[in-house]
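In this note's numbering, the protein residues as written are 4 to 71.
Glycine included, each C-beta is placed from N, C-alpha and C at the ideal position.
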């Protein structure tokens, strides 16, 4: 598993912990990041640009950063 997949797993945990709607929240993060996070799997290759985009989108939507 790579950093990109780990980031998506962290997002899932944060959404669950905050009791947010997972579909709406992941959709908003995906739009801001520029790619569908639901298409990131454990064998997805790491892409530094996607990781940075995802970290920024998560910070904006969730109000907290990711530890990846």
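* Ordered along the chain, which non-local residues of its own chain (more than five positions away) have a Cβ less than 7 Å from that of residue 76? -> In this structure the chain extends from 4 to 71, so residue 76 is not present and cannot be described.
* To do: Just the C-alpha distance for residue 33 and residue 57, rounded to the nearest angstrom, thanks.
  => 8 Å
* **Best match in 6, 71, 14 and 20 for proximity to residue 31 [C-alpha to C-alpha]** => 14
* **Whole-number beta carbon distance between residue 35 and residue 60, since they are thought to touch under 8 Å** => 4 Å
* To do: Check each candidate in 24, 9, 48 and 4 and name the one with the smallest Cα separation from residue 72.
  => Here the chain covers residues 4 to 71 and nothing more, so residue 72 does not appear.
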